[in-house]
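See below for the structure under consideration.
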Amino acid sequence: MTAQSTQVKEDVWIPTSCGGCYGQCGIKAHRVDGVIVALEGNPETPAGSGRICAKGTAQLHTLYDRHRLNYPVKRTNPKKGVHEDPKWERISWEEAMTTIVDKLKNMKDRRGCYFQATTVQTSEIRFAVPAFMRAFGFKNYWVSGGGLWCGNGAHFMNGITHAAWSIIPDWNYNNYTLYFGCSKGHGAGHAALQSAQWVADARVRGMKAVVFDPYLSTQASKAEEWVPIRVGTDAAAVLGMINVMLNELNTWDADYLRWKTNAPYLIKEDGKYVRDPETNKPLVWDLGDNRAKPFDFYEMDPFVGPDLALLGSYTVNGVQCQPSFQILKDHVKENYPLEKVEQITSVPISTLRRVAKEFAENAQIGSTITIKGKKFPLRPSAAIFFRGSQGHVNSGWNCLAIDLMNHVVGAADVPGGAMGHGPPVSHGHPDTGKPETIPYACPDGLMIVKGWVYDHKPYPLREPHAPTRLDLQDMFPSSIYNAFTIMSPDWDKYREQFKLDYEPEIMINFGSNSVMTMANAHDITENFLKKFNFIFSFNIYQNEFTEAVADIVLPDASFMERYTPCVTFPSTFCHPTGMDEWVWQIRQPLVEPMFERRDFNDVMLDLADRLGIKDKYFQVINDLIPVRYGGEMSEKYRLKEGEDYTWTDVCDRVLKDRLGDTKGLEALKKTGLEKWPTKPEEMYWRWHVPVRVPIYFEFFIDGGQKASKLLAEYGGENLLDLRFYTGLVNWFPCPSHTEKRPEYELWAFCWRPSFHTQSSSQNNPWLDEISINDPFVYLMQINEDFGKKKGLKDNDWVWVENSVGKKIKGPVKLVQGLHPEHLAVAGCHGHWARGTPIAKGKGQFFDDLIQVGIEYTDPLTQGTDACVKVKIYKMKEGEAR
Amino acid sequence: MTRHGFVIDLKRCYGCYSCSVACKAANHTPQGVDWAKCVSAEIGTYPSALRQMLPLVCQQCAEPACMDVCPTGATQQDENGIVTVDPDLCMGCKTCMMACPYGARQTVSTFETYFPDAEGELDPYEAYCLEQWELKNGFGLATKCDYCKDRIADGKDPACVEACPAKARTFGDLDDPESEISILIRRNAGFQLNPEFGTDPSCYYLPPR
Amino acid sequence: MKMKAQTKWGWDHAIYLFLGGLGAATYVIGALAGYAGEAWLGISKVGIISGVIILAIGYVVLLVGLGRPMNAIHAMKCPGTSWISRGVIIVLLFVIFAGIHWLLTVFNAGGGLLPILGFIGIVMGFGVMLYTGFLLAANRPIAFWANPLLPIVFLASALYSGLLATLLLSSIFVPDAVEQMKFLAVHSTGLAVFLILAMALYIWGTHRTPEGRAAAEMLMSGQFSGMFWVGVFLMGLFVPLVLELINLYGMGGTAIGMHILAGILGLIGMLLLRQVILGCGVMARLQAARFEYVLPHI
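Residue numbers (the working numbering), protein chains in the order written: chain A, 1 to 881; chain B, 882 to 1090; chain C, 1091 to 1388.
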């Protein structure tokens, strides 16, 4: 057969958005005679600029993977548990839906419903999940890896200080970046492809990166300098460096601290603000008038404002007080001397001192730059972090500490500095003014984020109240997802103790594989998932979760078989932060869903219809759109009561409402996106939005006390360590740092290869092929000298055992690029599901070593600790591998 | 004259394997064939250890060792310096694989599906790939990268160049001193891999640090 | 990073290299014996007949091992640069002349033509024994092969295995030719000693490059060390040498069984020799900046 002999009837390119990870880059697909034969980058979009990564291209095999789930199935083996064979039996959609509706209708209490969703399909969960939850009447929700892999600490803290989901350096102007446990610009989903281009450009231009990481990771290997550090001690290192900046170099951006932070706010002995008796506003000390006055906001250009005191001691109305900056300065001097920091982190004093100096010098405090006719401070230094720093008991403080580096030198959301990502300030499309998201100030002057995707904004803190959620999240001031309660063997007791008047009944799962993504498989399955009477799940594969506990599994369409109206907004992870255009991307089916697969959005609408809650469902969408996509819905496009909208109708109306009458679904299907120009004051918004951010966290004191008081009412005061609820950034150790038994020689942690996504990419044959060829992915790394001391060589199989005797096994790879006190494992591998035979048995399942419990939980954010102290020993001959 | 060439900037490359997978997709290479391999290396000792990925393509040598040893004349060099394999001539002796210092030559003897555990027929995409592979290359012969000859004939960049998230790869004309790649090589001390083999590759690398 | 050797030329190539050299050498010994007078006729026949058959089998193995055997008709197209093309031509010429020689020998015909055919056959036979060495040595990325002593080792190995095969077959088909076999046995011991020395030199010669050293290490203490020390050295060279020495100087060279045993062991050893040399073909590392990269298995 030759190419010519085949009559080609169809040959089209379809623009859409990738869903290989949460990065959502713009791609286009080549369809020939109904078959997708290529995926390439879409050069039209600033979210990727025509590039495509390994995960993206490999989605070709995900679309057509013969292991995909094609029909609804039900469990016939009533026994649930890890490694159980569910003995699936194919059923019709009608049977599946009837069963589900029947179960939902006959619940004892609708509040006992629980939604669990994956964050890989981050833009798919913005509509159906909240709409169904509120319409049906329940509040229980989590993204299973959330809190651990995702950002209980990181997103929360970035929300407080940058009004954003994350921070990345402004690579277009940055000259010096400190990386802490993150790979932004090196394959991480944070505007993955655009960031990768910018960071490469910056590197060629001469930008220097210094990476603090126990592992010579992808980003460390590209950095100017790799600084090996003990896992989870980031805050200590950073506070040591801040000590150098504040007390040795005397370097800080006084203007920024005075006018954009609460550094000048006067603090009393009890740690609280000194307030104006009249306005209740926090007071600052004006050195010009030599008196205290309520804080205020000042215009940025020209850089003038009153000379507010940052240092010194004052007496206001007879009360002794100091600016919070003075307190911070003294705090780091007293508590983080370099000798102590070196002991904690293993980073040499000379390195800490030098890096601090380089960071401060590169910030070029005082310099300015003009962009598109507007003057901005230029601060080409940035300190950024993500999962590596936040997966610890000190999660929240690690994040705040690292970000504090930026605020000390004024390198926050200004050219060259650490930028909120995705861009948190948007003035909207010129035709509609939407999406408009501009942060605003609370009465204390501190910033409140405008658009947010969690049900509670990071600041102001939640008022702790009697629990309504099964994970007791409501009782904690800043928890996003609360794993230690639900995964505890005492979950039942907790619910009783805190007088929760309903039980877990039904779980709805969208694509998540929580058995593998939230600590050890046993605890989550036995303590949490098995407590549900009925679980139905939307999946494209059977995975460890469905095989362990799902009763009915519905064959979901992949992201290549469905519509999503908003992909790059809310900008969270995927919208590039820089001066390229704004882009609103959609996702559209490249082919009709094959076999009996159905799009999650369609099915959820169908369910709402069958349950008679469709009107409410649409009402929730009407209500949510202003919160998430900035700006009220116009009357014309609001979803109206009594109408029978399909999912594509909803998409069409949302698009027209946000982008304009002519920018409906049909129009966007042709281009895949809508673009409009970026203003410099949107991207570099810090001095253009009248808000301040905390360097001193006075509100935690109150938050902690309120929560503690509430918990005490139920006899649960032991669930909150109040030491964490202070105004000052600190480092607190994880249990791994206090483990003293000598046989526990190594800290184990996991890292992510740039070509894998959470637990979802491992069954892809191309990604598996490169994982096999890669020297690290399927092997556990130990330091070569340590390995030799232990008599280990490459490919020797070892047991890795944590402090409670949980073990994983695998071959080791001896490397020089690893701190000698550590063991590094690529995650998330070591699958065992029957439904994913390519992934099965390859690599190691690191999470099995992770324990969940109050002692492994960050009291501030309820994030989970993901570093463990382990002992390793060689497997005996003949032991099963 | 045009001499098609590559510049791969190791300073930009962070080792994401996007080129490998883009190549697999663009050329429908079957399981076991990887024309755009990436290899990793570590040097130095803790804490000064360094790692760097080396992405490979066929180096399209001006003096191709693979062509010298090829007994059948299947290996040819076109007027733009691209070394090609004629599937109608290659007998699959693999001697080119021994002669090529860069591992550019790859062969698999039979087709193996990527989904060995799945039942039923090949999926439409894998079937398409198989058809394309047999059309343009085939099993049993020593295949290689041809800088996406079809794509560059259409005025596009090779698939790996277009995909590279870090823009580490540039494609162009080595004979033109003003081409982007010629300038990159001149300005950044571009070098060829293992010049001691006398192959004069058309692929240049820029230093990682 | 541990260096890696090529894996694409495996047992089929080893068998061909072995049988090709063995066949040519056996033929050459047979043809030479044809000049040595009446007493050698039996051995000459054994050598010529079996030599050509062995080589033919080797070629079949090689053809079957090709990815696309049907395209082998193009294999002679590039003798200007390709050792395979050259080899195919040499082998073809050998097959033509030795084949006629073989036919005439089988049918006891030819008369005056035989010495001329034999001469050409012998020259071609040496070509066959040598070219494989050059073929491997031409691959510059494999330092272990790109060694001028390799053709010598291959030639010596071929002749040695040819002698052993002739001895073995003669022991069966012309067991009366005791004196002639003694003569062959003496030369086999000499060749065994020569081959040991040649190999020692060859391996020593690899020490110029890290890849060569890695290959030598792989051969002598690594992956192939068992095959090398037990198979090649002990079984292939040392034991046959001792057996033949005992036979020659202890038993007057009359122990036919010793020839057979030495032959079998020696032939296995020489096959393994080809295999270990192929298997230790460590590929050159790629060098970029200060980094050295090991290619995955080629």
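Note that CB positions come from ideal geometry on N, CA and C, so glycine has one too. Quantities reported herein were computed from a predicted structural model and do not represent experimental measurements.
Around the Cβ of residue i, are there at least 16 other Cβ atoms within 10 angstroms (buried) or fewer (exposed)?
{"i": "Thr1344 (chain C)", "result": "exposed"}
{"i": "Glu899 (chain A)", "result": "Look at the range of chain A in this structure, 1 to 881, and you will see that residue 899 (chain A) is not part of it."}
{"i": "Leu1258 (chain C)", "result": "buried"}
{"i": "Cys442 (chain A)", "result": "exposed"}
{"i": "Glu944 (chain B)", "result": "exposed"}
{"i": "Ile1206 (chain C)", "result": "exposed"}
{"i": "Ser571 (chain A)", "result": "buried"}
{"i": "Glu463 (chain A)", "result": "exposed"}
{"i": "Pro742 (chain A)", "result": "exposed"}
{"i": "Gln4 (chain A)", "result": "Model confidence at Gln4 (chain A) stands at a pLDDT of 48, short of 50, so the residue's coordinates are unreliable; what they give is reported in the following sentence. So Gln4 (chain A) ends up on the exposed side."}
{"i": "Glu713 (chain A)", "result": "exposed"}
{"i": "Met579 (chain A)", "result": "buried"}
{"i": "Lys656 (chain A)", "result": "buried"}
{"i": "Asn783 (chain A)", "result": "buried"}
Against residue i, what residues of chain B qualify as contacts under a CB-to-CB distance less than 8 Å, listed in chain order?
{"i": "Tyr64 (chain A)", "result": "Asp1004, Pro1005, Tyr1006, Glu1007"}
{"i": "Val35 (chain A)", "result": "Pro1005, Tyr1006, Tyr1009"}
{"i": "Val204 (chain A)", "result": "Asp890, Lys892, Arg893"}
{"i": "Gly1157 (chain C)", "result": "Cys971, Met972, Gly973, Cys974, Lys975, Thr988, Ser990, Phe1020, Gly1021, Leu1022, Ala1023"}
Show which residues of chain A have a CB atom less than 9 Å away from the CB atom of residue i.
{"i": "Gly1001 (chain B)", "result": "Arg66"}
Quick one: list the residues of chain B neighbouring residue i, beta-carbon separation under 7 Å, in chain order.
{"i": "Lys222 (chain A)", "result": "Tyr895"}
{"i": "Glu1382 (chain C)", "result": "Ala922"}
Below 9 Å on C-beta distance, what does residue i contact in chain B?
{"i": "Glu40 (chain A)", "result": "Ala903, Ala906, Ala907, Ala1040, Glu1043, Ala1044"}
Regarding residue i and the ligand MN, is the C-beta to nearest heavy atom distance less than 7 Å?
{"i": "Gly843 (chain A)", "result": "In terms of ligand content, the structure shown is empty, and the ligand MN therefore cannot be addressed."}
Kindly list, in the order they appear in chain A, the residues whose Cβ is closer than 8 Å to that of residue i.
{"i": "Tyr1086 (chain B)", "result": "Simply none; closest approach about 14 Å."}
For a contact meaning CB atoms closer than 9 Å, what does residue i contact in chain C?
{"i": "Tyr1028 (chain B)", "result": "Ordered by position in chain C, no residue passes the 9 Å Cβ test against Tyr1028 (chain B), which lies about 19 Å from the chain."}
What residues of chain A sit near residue i, judged by a beta carbon separation below 7 Å?
{"i": "Tyr983 (chain B)", "result": "Ordered by position in chain A, no residue passes the 7 Å Cβ test against Tyr983 (chain B), which lies about 16 Å from the chain."}
{"i": "Pro968 (chain B)", "result": "Chain A residues near Pro968 (chain B): none, gap ~13 Å exceeds 7 Å."}
Give me the chain C residues within the contact set of residue i, using Cβ-Cβ distance strictly less than 8 Å, ordered along the chain.
{"i": "Met882 (chain B)", "result": "Those do not exist, as Met882 (chain B) stays about 23 Å from chain C at its closest Cβ, beyond 8 Å."}
Could you please tell me which residues of the region 1031-1049 of chain B, in chain order, have their CB closer than 7 Å to any CB of chain C?
Residues are counted here when their Cβ sits less than 7 Å from a Cβ of chain C; for the region 1031-1049 of chain B the count is zero.
Kindly provide the ranges of any alpha helix (DSSP H) runs that are 4 or more residues long and lie completely inside the region 1270-1349 of chain C, ordered along the chain.
Taken in chain order, the whole alpha helix (DSSP H) runs of length 4 or more contained in the region 1270-1349 of chain C are 1300-1310, 1329-1335.
Every unbroken beta strand (DSSP E) within the region 9-95 of chain A, with a cutoff of 3 residues, ordered by chain:
Counting only runs of 3 or more, we get 11-17, 26-32, 35-41, 73-75, 88-90.
Can you find at least 3 beta carbon pairs, one from the region 530-545 of chain A and one from the region 866-881 of chain A, that sit closer than 8 Å?
Counting Cβ pairs under 8 Å, fewer than three are found: no touch.
Any chance the region 559-569 of chain A sits against the region 117-133 of chain A, with 3 or more Cβ pairs inside 8 Å?
Between the region 559-569 of chain A and the region 117-133 of chain A, the count of Cβ pairs shorter than 8 Å is three or higher; the stretches touch.
For the region 718-733 of chain A against the region 199-215 of chain A, do three or more pairs of beta-carbon atoms, one drawn from each stretch, fall closer than 8 Å, so that the two count as touching?
Segments in contact, no.
Three or more beta-carbon pairs under 8 Å between the region 1092-1101 of chain C and the region 909-926 of chain B, yes or no?
Using a Cβ-Cβ distance cut-off of 8 Å, the region 1092-1101 of chain C and the region 909-926 of chain B are not in contact, since fewer than three pairs of beta carbons, one from each stretch, lie closer than that value.
Check distances from the C-beta atoms of the region 807-821 of chain A to those of chain B and list, in chain order, the residues that come in under 9 Å.
If the cut-off is 9 Å between Cβ atoms, the region 807-821 of chain A has Val815, Gln816, Gly817, Leu818, His819, Pro820 near chain B.
The region 516-532 of chain A contacting the region 843-857 of chain A, beta-carbon criterion three pairs below 8 Å:
Three or more pairs of CB atoms, one per stretch, sit closer than 8 Å, so the region 516-532 of chain A contacts the region 843-857 of chain A.
Segments of 4+ residues assigned as alpha helix (DSSP H) that fall wholly inside the region 329-370 of chain A:
Listed in chain order, the alpha helix (DSSP H) runs fully inside the region 329-370 of chain A are 338-345, 349-362, counting runs of at least 4 residues.
Please list, in chain order, the residues of the region 931-955 of chain B that have any C-beta partner in chain A closer than 9 Å.
Listed by position along the chain: Leu931, Arg932, Gln933, Met934.
May I ask you to verify whether the region 336-351 of chain A touches the region 305-316 of chain A, counting CB pairs closer than 8 Å and requiring at least 3?
Result no; under three Cβ-Cβ pairs closer than 8 Å.
Can we say the region 1340-1360 of chain C touches the region 1252-1269 of chain C, given the rule of at least three CB pairs closer than 8 Å?
The answer is yes - the region 1252-1269 of chain C touches the region 1340-1360 of chain C, with three or more Cβ pairs under 8 Å.
Jot down the residue ranges of each uninterrupted alpha helix (DSSP H) in the region 598-668 of chain A, minimum 4 residues, whole runs only, in chain order.
Correct list: 600-611, 614-629, 647-659.
Pairs of beta-carbons, one from the region 1265-1272 of chain C and one from the region 1119-1130 of chain C, closer than 8 Å: are there three or more?
Taking one beta carbon from each stretch, the region 1265-1272 of chain C and the region 1119-1130 of chain C have 3 or more pairs nearer than 8 Å; the two touch.
Stretch-stretch touch, CB-based, cutoff 8 Å, three pairs: the region 951-963 of chain B with the region 1167-1180 of chain C
Because the criterion of three Cβ pairs below 8 Å is met, the region 951-963 of chain B and the region 1167-1180 of chain C touch.
Please list the residues of the region 1208-1232 of chain C that have a C-beta atom closer than 7 Å to any C-beta atom in chain B, keeping them in chain order.
Per Cβ criterion, the list reads Ala1228, Asn1229, Arg1230, Pro1231, Ile1232.
Three CB pairs or more closer than 8 Å across the region 20-27 of chain A and the region 181-196 of chain A:
Touching, yes.
Indicate whether the contact test is met: 3 or more Cβ pairs, each with one atom in the region 50-61 of chain A and one in the region 760-778 of chain A, closer than 8 Å.
Result yes; three or more Cβ-Cβ pairs closer than 8 Å.
The region 1360-1371 of chain C / the region 1104-1111 of chain C touching (three or more Cβ pairs under 8 Å):
A contact is defined here as three or more CB-CB pairs under 8 Å, and the region 1360-1371 of chain C meets this definition with respect to the region 1104-1111 of chain C.
Any C-beta of chain C within less than 7 Å: which residues of the region 1061-1087 of chain B qualify?
Considering only beta carbons, the part of the region 1061-1087 of chain B lying closer than 7 Å to chain C consists of Leu1074, Asn1075, Phe1078, Tyr1086, in chain order.
Residues of the region 161-176 of chain A in Cβ contact with chain B at a cutoff of 7 Å, in chain order, please.
Against chain B - using a Cβ distance shorter than 7 Å - the region 161-176 of chain A contributes no residues.
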